[in-house]
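*Asks:*
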Amino acid sequence: MARVSKPLTMARLNDTILGCFQLVKPSETLDHLIRYLGTWSGSDKLFMVVQYALKLIVQLLQLRARLQHRAGLRPSAKSGTAAGYTKLAGVIGDSRTLWRFWGLLPIVQWLVSLERNPPVTRTLLTIERLQGWSMLGYYPLEHLYYLVSHKIIPSTITFPLSSLSAKPRKLNLDAGKLSLWSTRFWAAYVFLHIAHLFEDRKLLIQKQRALRKFKGTGLTSEEKIEISQRWDAFWSEVVINLGNLPLTIHWSLENGLIKNEFWVNLLGFITAVASFRSGWKATALPPAPPSPPAPAAEEKKDDIVI
């Protein structure tokens, strides 16, 4: 008997074309990515990865163009693709600086919370207080640098009412100096965070030893997972801050520290990837609790009411 196909109705056509996403299964990874990128920190970390990846690609494209030019394979030693990527990396970097105009608000929130929920040791409290104050210096100076460098505000500001006097008082805003001093405050934060990590390491070792001593026979699987996650977060912070340390020193000096821009971009890329990974793990949902076991056949029989 021949199989009769269903007629092609508008409803079937609608389901086939417009409803094609019914074939796509829900993805926990996509949900996680949207949840992470929906935060200011998550989107900034992603664009940081893209920005430094583009800078590294640009240098590789420029190197390839020079080598091909020397070999007579291309008329010019410049890469047109590299020029486009350079512009895109610049736009991303400029946008990230603009988006940081809100960065001062979480710092204030953190400092307020810090006084009400202090860390476990006095040393950590002092370190985090200093870190917060260093950011109170970093953000306003960076905002001023951005506004002056883009000529949004004038580089010379006359104080109010002083224009009525014979010698009006003026404030000169140099974009280069503003950038240097904002980065110096950031460098202070990084140095303080390295000191913070030394304290974190001591506390982690103490906690691990205390748990082992209390249990006597070792750690449970849940405790092992918790300790492992804490060490993973610790080493991520170590990579991030060891990457930021030479960069902040480099950008804090008028003549710089690192002469080859490739190493600057490589350190920036490593730091960006480590930061993105750390944030990704921090925004992961906790694993779902295991479902209770199904009752045995005998137990099911007892539940039957006759």
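Sequential numbering of the sequence shown, starting at 1, is according to full-length UniProt numbering.
By construction, the Cβ of each residue, glycine as well, lies at the ideal position given by its N, Cα and C atoms.
On a predicted model such as this, the values are computed, not experimentally measured, just so you know.
1) N260 by DSSP, collapsed to three states: which one?
2) Alpha carbon to alpha carbon, how far is P119 from D37? Give it in angstroms, no decimals.
3) Can you give me the C-alpha to C-alpha distance between I227 and I34, rounded to a whole angstrom?
4) Do S95 and E142 count as a contact pair if the criterion is CB distance below 8 Å?
5) Give the range of the beta strand (DSSP E) segment to which K170 is assigned.
6) Along the alpha helix (DSSP H) that carries T16, what are the first and last residues, could you check?
7) With a Cβ-Cβ cutoff of 8 Å, do G279 and S41 count as a contact?
8) Would you list, in sequence order, the uninterrupted alpha helix (DSSP H) runs of no fewer than 4 residues that lie entirely inside the segment 223-286?
9) When you compare each of T220, Q229, I153 and S252 to S179 by their alpha carbons, which one comes out closest?
10) Mapping the DSSP letters down to three states, classify K300 as helix, strand or coil.
11) Flag this pair as touching only if the segment 20-34 and the segment 239-255 have three or more C-beta atom pairs under 8 Å; answer yes or no.
12) Given this structure, state the Cα-to-Cα distance separating W263 from Y145, to the nearest angstrom.
13) For the pair the segment 63-75 and the segment 101-120, tell me if three or more CB-CB distances fall below 8 Å.
14) State the DSSP-derived secondary structure class of T86, mapped to helix, strand or coil.
15) Buried or exposed: where does D303 fall if 16 or more other Cβ atoms within 10 Å of its Cβ makes it buried?
16) Whole angstroms are fine: how far does the CA of M135 sit from the CA of A77?
17) Kindly give me the distance between the Cβ atoms of Q131 and H32, rounded to whole angstroms, as I take these residues to be in contact under 8 Å.
18) In its own chain, which residues sit with a C-beta less than 6 Å from the C-beta of S275, not counting the 5 before and 5 after it?
19) In this structure, what does DSSP give as the bridge partners for I157?
20) So what's K25 in DSSP terms, helix, strand or just coil?
21) Which runs of the alpha helix (DSSP H) at least 4 residues long sit entirely within the segment 117-158? Give them in chain order.
22) Of the residues G176, L171 and W133, which one's Cα is nearest the Cα of H150?
23) Tell me whether S76 sits in a helix, a strand or coil according to DSSP, three-state version.
24) Put T97 into one of helix, strand or coil per three-state DSSP.
25) Hey, would you say V58 sits closer than 8 Å to I92, going by beta carbons?
26) What's the call for K55, buried or exposed, on a 16-neighbour Cβ count within 10 Å?
27) A53 lies in the alpha helix (DSSP H); which residues open and close that run?
28) Is it buried or exposed, T29, if we count other Cβ atoms within 10 angstroms and call 16 or more buried?
*Replies:* This is what the structure gives:
1) Three-state DSSP puts N260 in coil, outside helix and strand.
2) Reading off the sequence shown, one finds Leu at residue 37, where the question assumed Asp. Roughly 29 Å separates the two Cα atoms.
3) So the alpha carbons of these two residues sit roughly 28 Å apart.
4) For E142 and S95, no; Cβs fall outside 8 Å.
5) Counting along the chain, the beta strand (DSSP E) containing K170 begins and ends at K170 to N172.
6) For T16, the enclosing alpha helix (DSSP H) begins and ends at M10 to I17.
7) In contact: G279 and S41 (Cβ atoms closer than 8 Å).
8) Fully enclosed alpha helix (DSSP H) runs of 4 or longer: 261-282.
9) With respect to the C-alpha of S179, the residue from T220, Q229, I153 and S252 having the closest C-alpha is S252.
10) Here the model assigns K300 a pLDDT of 39, short of 50, so the residue's position is not dependable, and the following value carries that caveat. Assigned with DSSP and collapsed to three states, K300 falls in helix.
11) With contact defined as three or more Cβ pairs closer than 8 Å, the segment 20-34 and the segment 239-255 are not in contact.
12) W263 and Y145 have their C-alpha atoms roughly 25 Å apart.
13) No: the two stretches stay apart, fewer than three of their Cβ pairs being nearer than 8 Å.
14) For T86, the secondary structure class from DSSP, reduced to helix, strand or coil, is helix.
15) Its pLDDT being 43, under 50, D303 is placed unreliably in this model, and the value from its coordinates should be taken loosely. So D303 ends up on the exposed side.
16) Distance between the alpha carbons of A77 and M135: 43 Å.
17) Not a contact, Cβ separation roughly 29 Å.
18) The answer, listed in chain order, is K45 and I240.
19) Beta-bridge pairing links I157 to L171.
20) In this structure, K25 counts as coil in the three-state DSSP scheme.
21) If we require 4 residues or more, the alpha helix (DSSP H) runs fully inside the segment 117-158 come out as 122-149.
22) The shortest Cα separation from H150 among G176, L171 and W133 belongs to G176.
23) Three-state result, S76: coil.
24) In the structure shown, T97 sits in a helix (DSSP, three-state: H, G or I).
25) In this structure, I92 does not lie closer than 8 Å to V58 by Cβ.
26) By the neighbour-count rule (16 or more Cβ atoms within 10 Å), K55 is buried.
27) That run of the alpha helix (DSSP H) goes W40 to R70.
28) Taking all protein chains in view, the Cβ of T29 is surrounded by fewer than 16 other Cβ atoms within 10 Å, so the residue is classified as exposed.
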